[in-house]
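K.L.:
FYI, the numbering for the sequence shown is 1 to 153, going by the UniProt record's numbering.
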Amino acid sequence: MEMNLLIAYIGIAIMVGLSGIGSAYGVTIAGNASIGALKKNDSAFGNFLVLTALPGTQGLYGFAGYFMFQNIFGVLTPEMTAIQACAVLGAGIGLGLVALFSAIRQGQVCANGIAAIGQGHNVFGNTLILAVFPELYAIVALAATFLMGSALA
1 MEMNLLIAYI GIAIMVGLSG IGSAYGVTIA GNASIGALKK NDSAFGNFLV
51 LTALPGTQGL YGFAGYFMFQ NIFGVLTPEM TAIQACAVLG AGIGLGLVAL
101 FSAIRQGQVC ANGIAAIGQG HNVFGNTLIL AVFPELYAIV ALAATFLMGS
151 ALA
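1. Does the pairing of the stretch 114-125 with the stretch 46-58 give three or more beta-carbon distances under 8 Å?
2. Check whether the Cβ of A24 sits closer than 7 Å to any heavy atom of the ligand PLP, and report yes or no.
3. Looking at the secondary structure, which residues open and close the alpha helix (DSSP H) in which P134 lies?
4. DSSP state of E2, grouped into three classes?
5. G65 and A37 - do their beta-carbons sit closer together than 8 Å?
6. Between M1 and L18, what straight-line distance do the alpha-carbon atoms span, to the nearest angstrom?
7. If we count the other Cβ atoms within 10 Å of its Cβ and call it buried at 16 or more, is N4 buried or exposed?
8. Using DSSP with H/G/I as helix, E/B as strand and the rest coil, what is Q119?
9. Leaving out five residues before and five after I93 in sequence, what residues of the same chain have Cβ atoms less than 6 Å from its Cβ?
10. Whole alpha helix (DSSP H) runs in the stretch 41-76 with 4 or more residues, listed along the chain?
11. Quick one, are the C-beta atoms of L152 and Q70 less than 8 Å apart?
12. Measuring CB to CB, does A8 end up less than 8 Å from Q58?
13. Helix, strand or coil: how does DSSP classify M15 here?
14. Using a Cβ-Cβ cutoff of less than 7 Å, which residues in the same chain neighbour L128 once the five nearest sequence positions on both sides are dropped?
15. To the nearest angstrom, how far is the alpha carbon of G107 from that of L54?
16. Does the distance from the CB of A44 to the CB of G118 come in under 8 Å?
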């Protein structure tokens with residue numbers, strides 16, 4: 001039934017949209033900090049680049065979720081059931097929200113590390129370690145999305 005497919009694609013849109021918005025905000029937060037820190041320490045651009053790019057991964061997780069439902073599990077068809085459609089919607093909402101907030105908060109952690117590096121502190125490695133913690137929850141949400149998809153297939 002087409003209504004089930006519509007419900008599922010609403011979930012996909014939420015998943016890809018929110019995760020992309022979160023990544024856009026996260027990399028902007030870190031990027032703004034990088035611009036400010038470059039004024040004081042332009043030799044650390046490579047470190048700033050890595051820390052700025054880090055929150056961008058959550059947007060990729062949203063796309064990976066869509067790829068899993070479309071290509072790996074193959075459930076996005078007109079023949080999908082209402083249960084499958086609701087599961088895709090739920091996974092989309094879950095992954096989308098977790099990725100949204102994870103990316104924003106990771107961008108803030110990275111921005112603080114960038115500011116400290118700009119002031120001459122040697123905290124690149126420590127910042128990477130601390131920035132992984134918000135990322136972990138986006139990975140857990142992606143894993144949950146995978147498990148939901150594998151239960152549907």
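From the three backbone atoms N, C-alpha and C, an ideal C-beta is built for every residue, glycine too.
P.N.:
The answer reads as follows:
1. Judged by Cβ distances under 8 Å, the stretch 114-125 makes contact with the stretch 46-58, as three or more pairs qualify.
2. What this structure holds is no ligand at all, so the ligand PLP is not there to describe.
3. Counting along the chain, the alpha helix (DSSP H) containing P134 begins and ends at F124 to L152.
4. Residue state for E2 is assigned as helix, using DSSP reduced to three classes.
5. If you check the CB distance, A37 and G65 do not come in under 8 Å.
6. Between M1 and L18, the alpha-carbon positions lie close to 26 Å from each other.
7. Burial is judged here by how many other beta carbons sit within 10 angstroms of a residue's own beta carbon; N4 has at least 16 and is buried.
8. The answer is coil: DSSP assigns Q119 none of H, G, I, E or B.
9. Around I93: I14.
10. Here the runs fully enclosed are 45-53 and 57-67.
11. Cβ atoms of L152 and Q70: not closer than 8 Å.
12. Using a Cβ distance threshold of 8 Å, A8 and Q58 do not count as a contacting pair.
13. Taken through DSSP and simplified to helix, strand or coil, M15 comes out as helix.
14. Nothing listed; no residue qualifies.
15. Straight across, the Cα-Cα distance linking G107 with L54 is about 8 Å.
16. It is a contact, given that the beta carbons lie within the stated cut-off.
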